[in-house]
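Participant: Chains as they are written, first to last, in our numbering: chain W, 3 to 73; chain V, 954 to 1218.
1. Note down, in chain order, every chain W residue with its Cβ under 7 Å from the Cβ of residue 1089 of chain V.
2. Pull up the distance between the alpha-carbon of residue 1093 of chain V and that of residue 1135 of chain V, whole angstroms please.
3. I'd like the list of long-range same chain contacts for residue 55 of chain W, defined as Cβ closer than 6 Å, with 5 residues on each side in sequence excluded.
4. Is it the case that the stretch 1187–1197 of chain V contacts the stretch 1010–1027 of chain V, given that we only count it when at least three CB pairs across the two stretches are under 8 Å?
5. Starting from the beta carbon of residue 1014 of chain V, find every residue of chain W whose beta carbon is closer than 7 Å, and list them in chain order.
6. Kindly list, in the order they appear in chain V, the residues whose Cβ is closer than 8 Å to that of residue 30 of chain W.
7. So for residue 997 of chain V, helix, strand or coil by DSSP?
8. Buried or exposed, going by whether 16 or more other CB atoms sit within 10 Å of the CB of residue 1150 of chain V?
9. Mapping DSSP to helix, strand and coil, what is residue 970 of chain V?
10. Going straight from the alpha carbon of residue 1091 of chain V to that of residue 1139 of chain V, what length do you get?
11. Just to make sure I have the definition right: I need the residues of chain W whose C-beta is within less than 9 Å of the C-beta of residue 991 of chain V. Which are they?
12. If we count the other Cβ atoms within 10 Å of its Cβ and call it buried at 16 or more, is residue 1076 of chain V buried or exposed?
13. Assign residue 1103 of chain V to buried or exposed, taking buried as 16 or more other Cβ atoms, counted over all protein chains shown, within 10 Å of its Cβ.
14. Mind pulling the chain W residues with CB within less than 7 Å of residue 1064 of chain V?
15. Is DSSP giving residue 28 of chain W helix, strand or coil here?
16. Nearest-angstrom Cα distance between residue 1129 of chain V and residue 1120 of chain V?
17. Since I believe residue 1047 of chain V is in contact with residue 950 of chain V (beta carbons under 8 Å), could you give me their beta-carbon distance rounded to a whole number of angstroms?
18. Would you mind giving the Cβ-Cβ distance between residue 1089 of chain V and residue 8 of chain W, rounded to the nearest angstrom? I have them listed as a contact below 8 Å.
19. Residue 1106 of chain V CB to nearest chain W CB: under 8 Å?
20. Rounded to a whole number of angstroms, what is the C-alpha to C-alpha distance between residue 1081 of chain V and residue 50 of chain W?
21. Could you pull out every unbroken alpha helix (DSSP H) segment of at least 4 residues lying fully inside the stretch 1057–1118 of chain V, listed in chain order?
22. Straight-line CA distance for residue 963 of chain V to residue 38 of chain W?
23. Would you please verify whether the beta carbon of residue 965 of chain V is less than 8 Å from any beta carbon of chain W?
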């Protein structure tokens, strides 16, 4: 069984830890913030859409304003 | 066709780029090289599988989120679904206190999922079928959860071993059982993932060999060989579900262990 070959344990663990850390850094710095930004902006837009009668600008104005936040 | 390959052959670790300390043999005395012989930095097929799986996920996410908008594109929606899936797991298992660990749990889930799914491509390699890799994950979770427990509760964390309302004579027994079950967590988490991937891929290989042998036998056996081939297709579908399910189980159990550390039962 190759799983029990202890000579391969070091190289497997080493590359696993290295690549997991790299993956974590990319996810933490790039992907999770990006998705969170989209979801938060959408929630904000929906909320402002519900109260659109109280907002002076038109709905399209709010939408372009929030969309520009995404960039 | 008489050669039948071992179903365990697919788990062999083959170096693609050999990197060990043998180049130091003219500097170091002979004995020290014998001692350091296990230190091997070779880039193997296991490393390549992990590299491919994580890179594919990152690039897919980047391309999908590059043209993100309020009304999601289909691929953007897919990544939002993964985000909300992990978010729901943490909310159900830990509560709002658990969102501190969101990034780690999201990484854990997507890492296991992409490595598992990459292994489903024929002729590729499943890094999570090796016990060392899954042990690395489960030990990190286990030690991390213990540190979180001691950091947030101090010595009160030992209350985890003592459920309330237990009669005093039973306490030594209960504490021993709880302590052993706490220690087993770190091992069972890793063994579950590796054993599931190992068993599934071995079964696929055995059925595939069987179907291949029957189909090449000629005559009526070739027609009968379509039955194991159909079974193989069904099992591949099952294996893809298991690849997802094991990533989910690993994530849920990680959250449940973190919940014990944060909320103490």
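Glycine included, each C-beta is placed from N, C-alpha and C at the ideal position. All values reported here derive from a predicted model rather than from experimental measurement.
Facilitator: The structure says:
1. 15, 18, 19
2. 15 Å
3. In this predicted model, residue 55 of chain W has a pLDDT of only 49, less than 50, meaning its place in the structure is not dependable enough to derive any value.
4. no
5. Within chain W, the C-beta atoms nearer than 7 Å to that of residue 1014 of chain V come from 33, in chain order.
6. Those within 8 Å of residue 30 of chain W in chain V are 1056, 1060.
7. strand
8. buried
9. strand
10. 5 Å
11. 8, 9, 11, 12
12. Counting the other CB atoms within 10 Å of its CB gives residue 1076 of chain V a total below 16, which places it among the exposed residues.
13. exposed
14. Ordered by position in chain W, the residues that pass the 7 Å Cβ test against residue 1064 of chain V are 22, 25.
15. helix
16. 15 Å
17. Residue 950 of chain V lies beyond the residue range present for chain V, which begins at 954 and ends at 1218; the question has no answer from this structure.
18. With 8 Å as the limit, residue 1089 of chain V and residue 8 of chain W do not qualify as a contact, their Cβ atoms being about 15 Å apart.
19. no
20. 46 Å
21. 1084–1106
22. 39 Å
23. yes
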